[in-house]
Amino acid sequence: MRELKILAVVVFFTAALYWGVEPYAHSVLHPHVEDAEYEFKDVDGLKGTKGDATKGAELVAANCTACHSIEKAGFPAIMDNASAGASYGVVPPDLSSAGHLYDANFLAAFIKDPAKATKTTHKYEGGATHPMPGYAWMQPQEVADMVAYLQSIAPKQMSNKEVFVDACQRCHSIKYGDFYGGTMAAKTPDENIKTYMGVIPPDLSQYIRSRGASYLHTFINDPQKHLEGTAMPRVGLTKASEDQVIAYMTEVGDSKKPEREALAGPFLGYLVIFAIFAWLWKAKIWREVH
Amino acid sequence: MALIKESFFSIDGLEKRLAGKKFWKVMMTEYWIPKDINFLWAMGVVLATTFALLIVSGIFLMMYYKPDTALAFDSVNYTIMQEVAYGWLFRHMHGVAASVIFLIIYIHMFTGIYYGSYKKGREMIWISGMLLFMTFSAAGFSGYMLPWGQMSYWAAAVITNLFAGGSLEAWGLVEWIRGGFAVNDATLTRFFMLHVFLLPLVIIKIIVIHFYTLRIPHVNNQDSDDIDYDAEAEKYLAGNKKEAKVIPFWPVFLSKDFAVLGIFLIFYFYLVFFNYNFAMDPVNFDPANAMVTPAHIYPEWYFLWSYETLRGPFFDMFGMKAGDIGLIIFGLAQVIFLVFPFLDKDPDVLPAHKRPRFFIWFWIMIVDLLVLSVYGKLPPTGANAWVGFYATAVFLLLWISLPFITKADAKSRGAL
């Protein structure tokens, strides 16, 4: 009984210390932000306008393909990444999968005013402009048609890695994704991306460990929530695409997670058995002396 | 030396040469421990086991770790964590054990303080134990630098910079410690040497000394009863086991230790598998970058209380700069526990609940260290700074009052 009381005291102070320096301190150091919002209600989106993909095809060919490749529709990239990065500041995305990756309302709002949709207007004060010009001069129907077209050519299913490559890799490296081959380096050369973003965007190899899944979700969904003034744009990923990005970051940055989780049961099970036998042995030995 | 005629290749011959049975008797079956103990007395063996886990996991980590600022981060986070079979397990075990060992050290320490196991014959146990605490602290700090993450770098920068505080600056101490003007490759390689060679060597040596210092004064017991070990041992050996106040180290004492160890290992491996961020700070999974200061720099939890005494005095007082006062209190905090036996003026050895004033002192100290630890992690702004200030003041006052309250306890008992 006395031992249990002592144990209760030890556990109480250990728990109080743990609570103070971990959950409590971290709640102060990293104030809570609102949950991710995947409907992008704040953007100037489609507002219910239905688009016509056939008309959209013409509009996209006429307005977008001067800068953007669309491999899937027969518009190959006209420059390599180094030249494209040097020309535009950042390698423009191939639009083949845009209709799958990004929320339709966000995509419409982005086409109309990229800086506003991505919440990066603070970067373009004093004369600088977003590398992509806005198309707010178009009719809302025309924007809807282009979105419909991009959705019509987009694949219905993509692997986690493909989503990461199309959504993140133009700016971010994730070198642990191909440590020896180096294929997971950012597509835009460092010197160009540094000029464009102000800093070289971080390598994301260990972000699943350094930031954790929950932070990554709210951050990717709206970077300004956690880091006000950051150069990172809100990219408008759908919830499904964002889940895939984080799944890929987990596969790369915490590749032994399945092994860790599988090993825990047998390991702790063995120790429970050890503890039971140890207590039984102790009881047997101490019966002789008490 | 008597000539030994029995063959070297016989049990008997070996026994004649090494006296293994005698040795086993002296170290194990006739090494007497008081019977009146509780599970807190198992912390020594728990510590020894945790240290063994650190050594074994450390050996595996060292096979793949590269002490070079260009390679260290990836050797830990890619090679060890993702490529090497079960490398992640050894790293998690090492990181979590390094943190948990301090929890057990603190429990072990305050058990000693509570039951008065540091005085009147047991001073050397206490002093060697505190030297272990200091060398473990140095090992923890040097090891934390090795993954070369953001916290590794910035903790190293902040802590080595303490040696540039006040008039120390003029001596060039900080440059001498770092091997350069900033934390750099030379800093990493020397701390690597300390962590994997010199400090473990010193720790093992002090552990042996710590065990040795226990032997003559014997382990204390729950009532701090003064036991006649020869008489009690005789009772035990005569078969009067139930009446004897002592038990042999093996198998009786160790059987209890193993039982406690079983529970501890479940707790420890639960942390290894499921809750390791407290010991492996997420911020340290960002590679070291001298150009980007993390938003919050804080030491590992076990250094927080003394770190807070450094930050506690945040304004100039008594004609001294805040930073200098902090540095003095911080320096004091590192060594003050060492002289505990000499600040306690009570001539009797008694558990705290039989020393009314000391009992209160003890729990205020525990709560104060808890407050210092929590506020050592929080940003020192606004009300937090004042909590840190008062908690530091309480810490100092507790030490100043210790000789007086222990004397007062003794007087009211009639012992002085």
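Each protein sequence line maps, in turn, to chains A and B. If you count by this note's numbering, then the first sequence holds residues 447 to 736, one letter each, in order. If you count by this note's numbering, then the second sequence holds residues 25 to 440, one letter each, in order. Think of the CB as a built atom: it goes at the ideal place given N, C-alpha and C, for glycine as much as any other residue.
Check: Taking the beta strand (DSSP E) that valine 120 (chain B) falls in, what are its first and last residues?
Finding: Counting along the chain, valine 120 (chain B) falls outside any beta strand (DSSP E), though it belongs to the alpha helix (DSSP H) covering 111 to 139.
Practice task
Let me know the alpha helix (DSSP H) ranges lying completely inside the segment 327 to 386 of chain B, each 4 residues or longer, listed in chain order.
Solution key: 328 to 335, 346 to 359 and 364 to 367
Suppose the cutoff is 8 Å on Cβ atoms and the five residues either side in sequence are ignored; what does the same chain contact list for isoleucine 516 (chain A) look like? Val506, Cys510, Asp540, Leu541, Ser542 and Ile599
Worksheet item: Considering only C-alpha positions, which residue in the set B:Ile83, B:Leu402 and B:Leu334 is nearest to histidine 320 (chain B)?
Response: Ranking the options by Cα distance to histidine 320 (chain B), first place goes to B:Leu402.
Worksheet item: Of all the CB atoms in chain A, is at least one closer than 9 Å to the CB of proline 337 (chain B)?
Response: no
Next on the checklist: Which same chain residues end up closer than 6 Å to alanine 180 (chain B) when comparing Cβ atoms and leaving out the 5 residues on each side of it in sequence?
Outcome noted: Met169 and Val207
Self-check item: Candidates B:Asn408, B:Leu422, B:Tyr414 and B:Leu156: closest to arginine 381 (chain B) by CA position
Solution: B:Leu422
How would you write the range of the alpha helix (DSSP H) that valine 226 (chain B) sits in, first residue to last? 223 to 239
**Prompt:** Based on Cα-Cα distance, which residue from A:Asp490, A:Val611 and A:Asp526 lies nearest to threonine 629 (chain A)?
**Reply:** Of A:Asp490, A:Val611 and A:Asp526, the residue nearest in Cα terms is A:Val611.
Terminal residues of the continuous beta strand (DSSP E) containing isoleucine 57 (chain B)?
-> 56 to 58
Q) For alanine 72 (chain B) and chain A, any beta-carbon pair shorter than 9 Å? A) no
Check your understanding: Within 10 angstroms of its Cβ, does phenylalanine 486 (chain A) collect 16 or more other Cβ (buried), or is it exposed?
Key -> buried
Check: Could you check where the beta strand (DSSP E) with proline 272 (chain B) kicks off and where it finishes?
Finding: 270 to 272
Starting from the beta carbon of glycine 263 (chain B), find every residue of chain A whose beta carbon is closer than 7 Å, and list them in chain order.
By Cβ distance, chain A contributes nothing, its closest Cβ being about 10 Å from glycine 263 (chain B), past 7 Å.
Kindly provide the ranges of any alpha helix (DSSP H) runs that are 4 or more residues long and lie completely inside the segment 494 to 540 of chain A, ordered along the chain.
499 to 509 and 527 to 534
| task | For lysine 266 (chain B), return the contacting residues in chain A, with the cut-off set at a CB-CB distance below 7 Å. | result | Val735 and His736
* Asked: Nearest CA to the CA of alanine 255 (chain B): which residue from B:Val270, B:Lys266, B:Pro241 and B:Asn244?
  -> Cα-wise, what sits closest to alanine 255 (chain B) is B:Val270.
inquiry  = Comparing C-alpha positions only, which one of B:Ala163, B:Lys46, B:Trp112 and B:Ala357 sits nearest to valine 226 (chain B)?
reply    = B:Ala163
*Is the segment 231 to 240 of chain B touching the segment 676 to 691 of chain A, taking contact as three or more C-beta pairs under 8 Å?*
Segments in contact, no.
**Prompt:** List, in order along the chain, the chain A residues whose C-beta lies closer than 7 Å to that of valine 307 (chain B)?
**Reply:** Ser656
Item to complete: Would you verify that the beta carbon of aspartate 488 (chain A) is, or is not, closer than 9 Å to some beta carbon of chain B?
Response: no
*Members of the segment 609 to 630 of chain A near chain B, C-beta cut-off 7 Å*: From the segment 609 to 630 of chain A, only Tyr622 and Phe625 have a Cβ closer than 7 Å to chain B.
Between the beta-carbon of proline 635 (chain A) and the beta-carbon of methionine 678 (chain A), is there less than 9 Å?
Cβ atoms of proline 635 (chain A) and methionine 678 (chain A): not closer than 9 Å.
**Prompt:** Taking 8 Å as the cut-off, is the CB of isoleucine 599 (chain A) close to at least one heavy atom of the ligand MN?
**Reply:** The ligand content of the structure shown is nil, which means the ligand MN is not present either.
query = Three or more beta-carbon pairs under 8 Å between the segment 174 to 189 of chain B and the segment 302 to 321 of chain B, yes or no?
reply = yes
**Message:** Is it buried or exposed, aspartate 252 (chain B), if we count other Cβ atoms within 10 angstroms and call 16 or more buried?
**Reply:** exposed
| What residues in its chain sit with their C-beta under 7 Å from that of threonine 10 (chain B), if we drop five residues either side in the sequence? | Here chain B comprises residues numbered 25 to 440, so residue 10 (chain B) is not present and cannot be evaluated.
Original post:
To which residues of the same chain is methionine 52 (chain B) closer than 6 Å at the C-beta, ignoring the five residues directly before and after it?
Top reply: Phe273 and Trp274
### Task
Closer than 8 Å, Cβ to Cβ, to anything on chain B: give me those residues from the segment 465 to 486 of chain A, in chain order.
Gly466, Val467, Glu468, Tyr470, Ala471, Val474 and Leu475
Worksheet item: So, are the CB atoms of serine 330 (chain B) and lysine 728 (chain A) less than 9 Å apart?
Response: No.
- Message: For histidine 576 (chain A), tell me which candidate among A:Ala554, A:Glu588 and A:Tyr534 has the shortest Cα-Cα distance.
- Response: Nearest option by C-alpha distance: A:Tyr534.
Next on the checklist: Run through chain C and tell me which residues come within less than 7 Å of leucine 64 (chain B), C-beta to C-beta.
Outcome noted: The chain labelled as chain C is not found among the protein chains of the depicted structure, namely A and B.
Checklist line | Simplified DSSP assignment, three categories, for leucine 27 (chain B) | finding: Per DSSP, reduced to three states, the secondary structure at leucine 27 (chain B) is coil, with no helix or strand assignment.
Checking contacts by CB at 9 Å: is lysine 501 (chain A) closer than that to chain B?
no
Assign aspartate 368 (chain B) to one of two classes, buried (16 or more other C-beta atoms within 10 Å of its C-beta) or exposed (fewer than that).
Its Cβ being crowded by 16 or more others within 10 Å, aspartate 368 (chain B) is buried.
For leucine 683 (chain A), does the three-state DSSP call read helix, strand or coil?
strand
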